[in-house]
Each structure stands twice: as C-alpha cells, then as structure tokens.
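J.: Before I ask anything, let me first share the structure, which is written out below as structure tokens.
Residue numbers (our numbering): 629 to 854.
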C-alpha cells in the first residue's frame with residue numbers, strides 16, 4: 629500500500645511487450661522497446677492519493693442507470709449482493725463483529741481505489757469496457773448507496789474524487805514493519821531451541837468450537853462420509 633503501482637505497471641507492460649534493455653535486445657535479437665502509447669494502455673492504475681485518475685466526470689444519478697445495466701446482475705439492485713456475489717453497500721458497524729460485512733461504505737479505505745478496481749476489473753467478464761465517465765458515475769452511485777454522497781447530482785471528477793473520505797480509512801495504516809519489527813531482524817536467525825521453554829498446546833480447535841453454528845447443525849444432520 630505504501631508503494632505506487634504506476635511504475636510497476638509500466639515496467640510490467642514494458643517487459644510483457646518485449647521492451648528489453650538495448651543490450652539484451654542486441655544480444656538476443658528479440659523484442660523491441662514498447663511505445664509510449666502501448667505502455668499507456670497498461671498503466672491505468674490509480675493511487676490512493678488520486679494520482680493516475682483519468683480526466684472525466686459523473687454523478688450518482690447517471691451511475692444508477694449504468695449500474696443497473698452492467699453491475700446489478702451480480703451485486704444486486706442496491707448493492708446488497710446477488711447470490712454469492714459481493715455486497716457493495718451497507719455493513720456499517722459490523723467490521724468488529726463476528727460476521728463483518730465488508731463493503732465500500734463499511735470497509736474500503738479509499739474512494740480512488742474503488743474507482744481503480746471498477747475501471748480495471750469490472751464488469752465481471754467485460755473488464756475495462758466502462759469509459760472514465762461511466763466509471764466516475766458508477767463510483768458516485770456506490771458512494772450514494774452508502775450514504776457518503778447525499779446529493780445524487782453531485783459531480784465527481786479527477787479533481788475532487790480523492791478529497792472524498794470513506795469511514796474506515798482511519799483503520800488502514802502504512803506498513804511499518806521496517807521500524808516496528810526491526811529488532812527481530814538478524815543476519816543469523818535462530819533455527820533451533822529458540823523459545824525460552826518448551827512449546828505447549830494451550831487449546832484445540834474442536835474444544836473451542838470455532839465452526840459456525842449453522843454449519844455445525846448442518847453437519848449433525850448430514851450422514852457421515854464413508
């Protein structure tokens with residue numbers, strides 16, 4: 629999360645399209661340098677701070693129609709999820725519960741990365757068929773469904789999308805293991821008898837009954853597998 633994927637995407641595109649270094653190209657006589665246009669086609673990711681957002685605009689009112697035509701068959705008319713497809717709306721206050729509902733409104737950290745995912749990977753089976761304007765509109769509609777946008781005619785665009793905050797953003801933080809866990813790093817890690825005393829078993833899953841109750845009841849009713 630702390631690292632931009634823009635450069636990674638460009639490098640991946642260059643490698644995929646055969647953009648080897650001049651020395652490698654001459655030595656192996658394969659590939660060619662990717663053109664800026666070819667790299668641009670792959671370098672479409674958007675960072676949490678909004679870098680990479682394409683020029684465009686949209687509203688929840690426009691997004692409702694697009695969502696209904698392109699997204700509702702999987703995610704439900706109001707983001708409630710259809711069948712076993714993910715829910716996109718609701719779930720407020722459930723993240724710390726035993727059954728968290730992870731949606732754009734309850735869990736997702738950044739609106740810009742909602743846009744990024746929709747733009748790159750949705751609709752399922754027809755990824756990257758939404759235009760930037762359509763993606764802005766669908767994103768606005770998702771915000772509207774989660775009561776983050778109150779006005780369905782409010783226009784979101786590449787200039788203001790990153791300013792919209794999601795409720796769970798504060799619970800995401802940068803990977804700090806380089807400082808928080810540095811004391812555990814060593815050139816010669818312990819490989820034997822590392823604990824001050826022998827390891828002991830403090831609990832067993834079957835005793836804790838970690839299986840969800842409904843599944844447990846179903847298991848009791850089902851005949852044993854032979």
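Built from N, CA and C at the ideal position, the CB exists for glycine as well.
Every value quoted in this text rests on a predicted model; they were computed, and no experiment measured them.
1. Just tell me which of 668, 779 and 690 has its CA closest to the CA of residue 680.
2. Here's a check: name, in chain order, each residue in its chain whose Cβ is nearer than 6 Å to the Cβ of residue 647, leaving out the five neighbours to either side.
3. From residue 759 to residue 698, what does the alpha carbon distance come to, in whole angstroms?
4. Pick helix, strand or coil for residue 832, following the three-state DSSP scheme.
5. I need the straight-line Cα distance from residue 794 to residue 736, nearest angstrom please.
6. Just to confirm the assignment, what range does the alpha helix (DSSP H) spanning residue 767 have?
7. As an exercise, report each continuous alpha helix (DSSP H) stretch of at least 4 residues that is fully enclosed by the region 654-719, in chain order.
8. Taking only runs of the alpha helix (DSSP H) that begin and end inside the region 772-829, which ones reach a length of at least 4 residues, in chain order?
9. Determine the closest residue to residue 723 out of 799, 812, 818 and 803, with distance taken between C-alpha atoms.
10. Could you tell me if residue 664 is buried or exposed, where buried requires 16 or more neighbouring beta carbons within 10 angstroms of its beta carbon?
11. So does the region 753-771 actually touch the region 708-715, counting three or more Cβ pairs closer than 8 Å?
12. State the beta-bridge partners of residue 738 as determined by DSSP.
13. Using the Cβ count rule (16 or more neighbours within 10 Å means buried), how would you classify residue 823?
14. Find the nearest neighbour of residue 796 within the set 718, 831 and 781, judged by alpha-carbon distance.
15. Quick check: the Cα distance between residue 779 and residue 688, rounded to an integer number of angstroms?
16. Near residue 765, which residues of its chain fall below 7 Å by C-beta distance, leaving aside the five closest residues on each side in sequence?
17. Does residue 726 come out as helix, strand or coil in the three-state DSSP assignment?
18. Which whole-angstrom value is the C-beta distance of residue 747 and residue 763, which I expect to be below 8 Å?
19. Report all residues from its chain with a CB closer than 8 Å to the CB of residue 792; omit the five preceding and five following residues, and keep chain order.
T.: According to the data block:
1. 668
2. The predicted position of residue 647 is uncertain, since its pLDDT is 48 and thus under 50; a value taken from the coordinates is nonetheless stated next. For residue 647, where only same-chain residues beyond five positions count, the Cβ hits under 6 Å are 661 and 662.
3. 12 Å
4. coil
5. 7 Å
6. 760-773
7. 664-670, 688-698 and 700-703
8. 805-808
9. 799
10. exposed
11. no
12. 793
13. exposed
14. 718
15. 8 Å
16. 686, 687, 690, 691 and 694
17. coil
18. 5 Å
19. 739, 771, 776, 777 and 784
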